[in-house]
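Novice:
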Amino acid sequence: MPDKPGRNAIEVVDVSKIFGSGEGQVAALDTVSVSIRENEFFTLLGPSGCGKTTLLRLIAGFDFPTAGEILLYGQDIAPLPPFKRPVNTVFQSYALFPHMTVADNIGFGLEMLGKPKAQIKVRVAEMLKLVKMEALAGRRTSQISGGQQQRVALARALAPQPKVLLLDEPLSALDYKLRKEMQIELKRLQHETGITFIFVTHDQEEALTMSDRIAVMSSGKILQVGSPWDIYDKPAERFVADFIGETNFLTAAIAGVSDGKAQATLKSGATINATVAEGFQPKDKATIVVRPEHAKLTAAKGDLSGTVENIVYFGTDTHIQVRLDSGEAFTVRQQNTRSAGCGFEQGEKVGIAIGNDAAQVLRD
Ligand SMILES: Nc1ncnc2c1ncn2[C@@H]1O[C@H](COP(=O)(O)OP(=O)(O)O)[C@@H](O)[C@H]1O
Ligand SMILES: [Mg+2]
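Okay, so the sequence shown: first residue is 0 according to numbering that gives the first Met the number 0, each after it adds one.
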């Protein structure tokens, strides 16, 4: 998917957020900079505690940065209180009013803004249609399902036509099937409204399937920003490679780095062509990563050789775990076909072909 060009809706510039003081001090965000483009589905992805919610709260204005600034279309928004920012948030907990109807919940933000009654009525009707909840407009939100509550929360947040919608793990309370449905629904809403979405998740698959671009976070820092394709195929650091999907790490001697490519000599003695992560500082030894589906098992000796330790069947594919002669572990993923078996057996000696461009040299 090509990046969407366009102006920046949000620019986060060298933002830090420190909680507490002295020994108990926590750097929830450590000099974070990132630009989010207009009309983009942008995802903050990272494990619990890495600072995702803190960054959203700073953008929303519920809290202030310790250092740095946040620009909205080029303007510093520090002086604006939350209700004056053209930004709205959908929380994980939905935070609906249970005793109020669906329609009244959706109109609530507009009432608070003092919009005329007639205008609110029209807008609420539009929003009910957008999230396909017309039939339940008069129900109390305590009497609708979790998925329906999610739709109401979205409609309420979209009703005032914010420029940016912040979504803090909005799908994590839903069961698997509903979650898949709401992922598609969210993509549709973003597409139809053209509003910039900043979506938070700790689920890598959700991030890969939904986003125009992803920022991978760890311990208060953004490690890498890129399209799902970039993040998966060209991870810059070990954390990114490990957090997103399964991968193989190998140690290699690096020579002849130029034009984003390097010659990587593996412990097996084979030399392969590998792409080099952005920001890679030339060094003799580095870690390279190869995704399990980008390597091929062969009966003959390949770039690597070893012994099959384990074969794990996953329905759509089979994972063949190999102990390399170097002692390193390596998994190859093979797509399954109707014909039985993966063609290899436990204990069998095998080769592994990596091929050009399948390996990536990490910068750390
Ligand atoms: N109000 C607060 N006071 C103290 N520490 C906080 C506060 N809010 C968040 N933190 C800490 O900041 C870090 C980042 O938290 P958070 O942004 O909620 O992470 P995430 O949303 O990625 O799970 C965590 O270590 C968390 O404990
Ligand atoms: Mg959070």
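Ideal placement from N, C-alpha and C gives every residue a C-beta, glycine not left out.
If we call anything under 8 Å between Cβ atoms a contact, is residue 330 one with residue 247?
Specialist: Yes; because the gap between Cβ atoms is below 8 Å, this pair is in contact.
Novice: Considering only residues of the same chain and omitting the five flanking positions on each side of residue 16, which have a CB-CB separation below 6 Å?
Specialist: Closer than 6 Å at Cβ, skipping near neighbours: 27, 28, 53, 64 and 65.
Novice: On the three-pair Cβ rule with 8 Å, is the segment 130-149 touching the segment 35-50?
Specialist: At 8 Å Cβ cutoff, the stretches do not touch.
Novice: Note the first and the last residue of the continuous beta strand (DSSP E) segment covering residue 273.
Specialist: Residues 270-275.
Novice: Kindly indicate the opening and closing residues of the alpha helix (DSSP H) around residue 175.
Specialist: Here the alpha helix (DSSP H) through residue 175 covers 175-192.
Novice: Would you list, in sequence order, the uninterrupted alpha helix (DSSP H) runs of no fewer than 4 residues that lie entirely inside the segment 242-306?
Specialist: Segments of the alpha helix (DSSP H) lying fully in the segment 242-306: there are none.
Novice: Please specify which runs of the alpha helix (DSSP H), each continuous and at least 4 residues long, are wholly inside the segment 2-61, giving them in chain order.
Specialist: If we require 4 residues or more, the alpha helix (DSSP H) runs fully inside the segment 2-61 come out as 51-59.
Novice: DSSP has residue 198 in a bridge; who is on the other side?
Specialist: 42 and 166, per the DSSP bridge assignment.
Novice: Would you tell me roughly how many angstroms separate the C-alpha atoms of residue 118 and residue 71, rounded to the nearest one?
Specialist: C-alpha separation (whole angstroms): 27 Å.
Novice: Could you name the residues of the same chain whose beta carbon sits closer than 8 Å to that of residue 304, not counting the 5 residues immediately before and after it, in chain order?
Specialist: These residues qualify, in order along the chain: 267, 323, 324, 348, 349, 350 and 351.
Novice: Is residue 31 near residue 221, with beta carbons less than 8 Å apart?
Specialist: It is a contact, given that the beta carbons lie within the stated cut-off.
Novice: Between the alpha carbons of residue 151 and residue 132, how many angstroms are there, rounded?
Specialist: Answer to the nearest angstrom: the Cα atoms are 8 Å apart.
Novice: At the level of alpha carbons, what is the spacing between residue 115 and residue 224?
Specialist: So the alpha carbons of these two residues sit roughly 42 Å apart.
Novice: Just how far apart, CA to CA, sit residue 59 and residue 277?
Specialist: Cα-Cα distance, rounded: 31 Å.
Novice: So if DSSP puts residue 221 in a beta bridge, which residue, or which two residues, is it bridged to?
Specialist: According to DSSP, residue 221 bridges with 216.
Novice: Determine the contact status of residue 45 and residue 201, defining contact as a CB-CB distance below 8 Å.
Specialist: Yes, the Cβ-Cβ distance between residue 45 and residue 201 is below 8 Å.
Novice: Should residue 215 be counted as a contact of ligand 1 given a C-beta to heavy atom distance under 7 Å?
Specialist: Residue 215 Cβ: outside cutoff for every heavy atom of ligand 1.
Novice: Could you compute how far the alpha carbon of residue 162 sits from the alpha carbon of residue 216?
Specialist: When rounded, the distance between both Cα atoms is 24 Å.
Novice: Out of 357, 308, 297 and 219, point me to the one whose CA is closest to residue 48's CA.
Specialist: Comparing Cα positions, the closest option is 219.
Novice: Provide the residue(s) that pair with residue 154 in DSSP beta bridges, ordered along the chain.
Specialist: Partner(s): none; residue 154 has no beta bridge.
Novice: Which value, in whole angstroms, describes the spacing of the CA atoms of residue 147 and residue 101?
Specialist: Spanning the two alpha carbons is a distance of roughly 9 Å.
Novice: Could you give the DSSP three-state label for residue 100: helix, strand or coil?
Specialist: Here residue 100 sits in strand by DSSP.
Novice: How far does the alpha helix (DSSP H) with residue 129 in it reach, from first residue to last?
Specialist: Start and end: 116-129.
Novice: Looking at C-alpha atoms only, which residue of 284, 319 and 261 is the closest neighbour of residue 251?
Specialist: Comparing Cα-Cα distances from residue 251 to each of 284, 319 and 261, the minimum goes to 284.
Novice: In terms of DSSP beta bridges, what is residue 322 paired with?
Specialist: Beta-bridge pairing links residue 322 to 306 and 328.
Novice: Using the three-state DSSP reduction, which class does residue 350 fall into: helix, strand or coil?
Specialist: Strand.
Novice: Measure the alpha-carbon distance for residue 319 versus residue 337 and round it to whole angstroms.
Specialist: Residue 319 and residue 337: Cα-Cα distance of roughly 18 Å.
Novice: Using the Cβ count rule (16 or more neighbours within 10 Å means buried), how would you classify residue 255?
Specialist: Residue 255 is exposed by the Cβ-count criterion.
Novice: What is the C-beta distance between residue 365 and residue 165, in whole angstroms, given that I count them as a contact (C-beta under 8 Å)?
Specialist: What is shown of the chain runs 0 to 363, which leaves residue 365 out entirely.
Novice: Going by CA-CA distance only, name the one from 195, 288, 149 and 156 that's closest to residue 181.
Specialist: Checked all of 195, 288, 149 and 156; the closest Cα to residue 181 is 149.
Novice: Nearest to residue 62 by CA position, among 91, 18, 130 and 43, is which residue?
Specialist: Per the Cα distances, 18.
Novice: Would residue 237 pass as a contact of residue 274 if the rule is Cβ separation under 8 Å?
Specialist: For residue 237 and residue 274, no; Cβs fall outside 8 Å.
Novice: Helix, strand or coil, according to DSSP, for residue 95 in the structure here?
Specialist: Of the three classes helix, strand and coil, the one that applies to residue 95 here is coil, per DSSP.
Novice: What does the alpha-carbon distance come out to for the pair residue 242 and residue 79?
Specialist: Whole-angstrom Cα-Cα distance: 36 Å.
Novice: Where the beta carbon is closer than 6 Å to any heavy atom of ligand 1, which residues qualify, in chain order?
Specialist: This criterion selects 18, 19, 25, 27, 45, 47, 48, 49, 50, 51, 52 and 53.
Novice: What's the C-alpha gap between residue 227 and residue 359?
Specialist: Each residue's Cα considered, the two are about 16 Å apart.
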